[in-house]
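The structure under discussion appears below in the form of structure tokens.
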Amino acid sequence: MSSPATLTPQSGSLPSEQLLPGGGRLSGSVRVPGDKSISHRALLFGAIAEGETRIEGLLPAEDPLSTAACLRAMGVEVSEIVAGQPVWVRGVGLDGFREPENVLDCGNSGTTMRLMLGLLAGRAGRHFVLSGDASLRRRPMRRVGGPLGEMGASIHGRQGGNLAPLAIEGQSLRGATIRTPVASAQVKSALLLAALTAGGPTTVIEPHLSRDHSERMLRAFGADLRVEAPEGTTVTVHPGPSLRGQEVVVPGDISSAAFWLVAAAITPGSDLTIENVGLNPSRTGILEVLEAMGARVEILNRRDVAGEPVGDLRAQHGALRPFTIGGELIPRLVDEIPILAVAACCAEGVSRISDAAELRVKETDRLAVMARQLGAMGARLQEHPDGLTIEGITPLKAATVDSETDHRVAMSLAVASLVATGDTVLHDPGAAAVSYPGFWDDLSRLRV
Ligand code: S3P
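Put into structure tokens, the structure is as follows:
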């Protein structure tokens, strides 16, 4: 059982370590904050539209704040981002960015840096420098700069343009047909954004479908964008039309909801409802895996909100079977693999994750970090170049663990601590604020 004394709520002054008592159960309702991917896009597309964009439900977390700060540095008016209040963006049009006087700081946000590369590469005659925190400066950027180079972009950085700080000399871009080597929505979206002002049509072909929020939202803003049916992995943009400011409603982030789904599924006696969760099919791989595990998860009140499917999710504790995942499913749950590793510890048998080498270039090397940290709690797991093998059911034991600065690792370890015997100590719990600033408050409130 938790008490307010041991579970310090996150209210601006989170301690550098968090005591996480094992035991107890979770009960009640929670509204997770807005979808991170959709929040970035709403800000960015609003900035390059004509007129005003009003965003409801924008995620008030560190990553979208980084995007907003970069946009403001280029002359875009973005209203203050305050939880529960709509955000306004006054667009400057497709080519209206002012040259910033200083380095654009993308913080910890890969989405900010990669989408900005696409947006800025075609701003002819202007110079931009993008950088970020230590984690972001280690992440591969040539996957965006390389294909943008085929359109005529000029991007330079350390390791032959792979590592930030990155300098962009804005150019007049040409249209191209580009096959991306990885199914990455960040790479795809960067190319689609560059395509909006290229000299001719651009087609992006990805190996598997990655999240398609950019396609949906760019079309709603008035871009001439066509997705080839049926699998949606080929997208063509015809440059020309200017974008028009829109009303965007951001649903709750299924990647944040995933922590509560697994927490309820593994913690005896739990029953949680997570309201207003985005259910875009390119993001719902986690629900398919939980269903295959036999988890008691129901989708209630399905509806459509501003072009994205939404529903409420109810999750209850129950026995779990192991899972095997790989292939085209991975991009549809790529951010949920750390929490699925926790779920696997509580499933009877051997779970296998493969084709997930992309996790090694996220905010941290999430395969290595989860193997290290869950291993410290007694998990029986093996790390492979492209995944993990996890044996359950393993009774986890309390340990001193570390988020290693990764928001999703912090929250996954907090969920693991619920089923551990004893008190877990988590270093750097504040990392959660990158995507879910109220996580510790919600955890404290939902525990009974
Ligand atoms: C995101 C795409 C994914 C995901 C990230 C957000 C996006 O990255 O991991 O958290 O908003 O486009 P990749 O596109 O690199 O797979």
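Residues 31 to 478 in the working numbering are what the sequence shown spells out, letter by letter. C-beta atoms are modelled at their ideal positions from N, C-alpha and C, and glycine is treated no differently.
Per DSSP, the bridge partner or partners of residue i
{"i": "residue 431", "result": "456"}
{"i": "residue 205", "result": "Paired residues: none, contrary to the question."}
{"i": "residue 118", "result": "84"}
{"i": "residue 268", "result": "254"}
{"i": "residue 157", "result": "199"}
{"i": "residue 108", "result": "119"}
{"i": "residue 261", "result": "Answer is none; residue 261 lacks a bridge partner."}
{"i": "residue 365", "result": "None, per the DSSP bridge assignment."}
{"i": "residue 187", "result": "196"}
{"i": "residue 335", "result": "338"}
{"i": "residue 93", "result": "Paired residue(s): none; residue 93 is not in a bridge."}
{"i": "residue 311", "result": "BP columns for residue 311 are empty, so no partner."}
{"i": "residue 301", "result": "57 and 346"}
{"i": "residue 381", "result": "420"}
{"i": "residue 327", "result": "345"}
{"i": "residue 316", "result": "According to DSSP, which records beta bridges pairwise, residue 316 is partnered with nothing at all."}
{"i": "residue 135", "result": "161"}
{"i": "residue 64", "result": "282"}
Residue i Cβ short of 8 Å to the ligand S3P heavy atom set
{"i": "residue 358", "result": "no"}
{"i": "residue 163", "result": "no"}
{"i": "residue 395", "result": "no"}
{"i": "residue 144", "result": "yes"}
{"i": "residue 213", "result": "yes"}
{"i": "residue 364", "result": "yes"}
{"i": "residue 361", "result": "yes"}
{"i": "residue 216", "result": "yes"}
{"i": "residue 243", "result": "yes"}
{"i": "residue 388", "result": "yes"}
{"i": "residue 141", "result": "yes"}
{"i": "residue 96", "result": "no"}
{"i": "residue 67", "result": "yes"}
{"i": "residue 285", "result": "yes"}
{"i": "residue 7", "result": "There is simply no residue 7 to check, as the chain begins at 31 and stops at 478 in what is shown."}
{"i": "residue 238", "result": "no"}
{"i": "residue 427", "result": "no"}
{"i": "residue 442", "result": "no"}
{"i": "residue 312", "result": "no"}
{"i": "residue 433", "result": "no"}
{"i": "residue 70", "result": "yes"}
{"i": "residue 219", "result": "yes"}
Burial state of residue i, where buried means 16 or more other Cβ atoms lie within 10 Å
{"i": "residue 31", "result": "Confidence in residue 31 is poor, its pLDDT being 30 and thus under 50, which makes the residue's placement too unreliable to answer from."}
{"i": "residue 263", "result": "buried"}
{"i": "residue 438", "result": "buried"}
{"i": "residue 452", "result": "exposed"}
{"i": "residue 59", "result": "exposed"}
{"i": "residue 432", "result": "buried"}
{"i": "residue 40", "result": "Because residue 40 carries a pLDDT of 43, less than 50, the predicted location of this residue cannot be relied on, and no value is offered for it."}
{"i": "residue 46", "result": "exposed"}
{"i": "residue 364", "result": "buried"}
{"i": "residue 112", "result": "exposed"}
{"i": "residue 202", "result": "exposed"}
{"i": "residue 472", "result": "buried"}
{"i": "residue 297", "result": "buried"}
{"i": "residue 506", "result": "It is not possible to answer for residue 506, since the shown part of the chain is limited to 31 through 478."}
{"i": "residue 72", "result": "buried"}
{"i": "residue 354", "result": "exposed"}
{"i": "residue 160", "result": "buried"}
{"i": "residue 404", "result": "buried"}
{"i": "residue 164", "result": "exposed"}
{"i": "residue 463", "result": "buried"}
{"i": "residue 331", "result": "exposed"}
{"i": "residue 70", "result": "buried"}
{"i": "residue 36", "result": "Note that residue 36 has pLDDT 31, beneath the 50 cutoff, so the model's placement of it is unreliable and the number below is only indicative. Counting Cβ neighbours within 10 Å, residue 36 comes out exposed, since fewer than 16 surround it."}
Contact test: residue i Cβ vs the ligand COA heavy atom, cutoff 8 Å
{"i": "residue 108", "result": "No copy of the ligand COA occurs in the structure displayed; its ligands are the ligand S3P alone."}
- request: Inspect the CB distances between the stretch 393 to 402 and the stretch 321 to 334 and report whether three or more fall short of 8 Å.
  value: As far as the Cβ criterion goes, the stretch 393 to 402 does not touch the stretch 321 to 334, which means the pair count is below three.
message: Whether or not the stretch 344 to 356 and the stretch 299 to 307 are in contact is what I'm after, with contact meaning three or more pairs of Cβ atoms, one per stretch, closer than 8 Å; do they touch?
response: Cβ pair count under 8 Å is three or more, so yes.
message: Could you check whether the stretch 80 to 96 touches the stretch 268 to 280, counting it as contact only if at least three pairs of C-beta atoms, one from each stretch, sit closer than 8 Å?
response: Taking a cut-off of 8 Å on C-beta distances, the stretch 80 to 96 touches the stretch 268 to 280, as three or more cross pairs fall below it.
message: Count Cβ pairs between the stretch 374 to 389 and the stretch 329 to 343 that sit closer than 8 Å; are there 3 or more?
response: Contact fails: fewer than three Cβ-Cβ distances are below 8 Å.
field: the stretch 445 to 459 in contact with the stretch 65 to 85 per 3-pair CB rule at 8 Å
entry: Output reads no: the stretch 65 to 85 does not touch the stretch 445 to 459.
query: Counting pairs of Cβ atoms below 8 Å between the stretch 458 to 478 and the stretch 405 to 413, do you hit three or more?
result: Counting Cβ pairs under 8 Å, fewer than three are found: no touch.
Contact between the stretch 164 to 175 and the stretch 246 to 257 (3+ Cβ pairs under 8 Å): Output reads no: the stretch 246 to 257 does not touch the stretch 164 to 175.
message: Under 8 Å, with one C-beta from each stretch per pair, do the stretch 207 to 224 and the stretch 148 to 158 reach the 3-pair mark?
response: Short answer: they touch.
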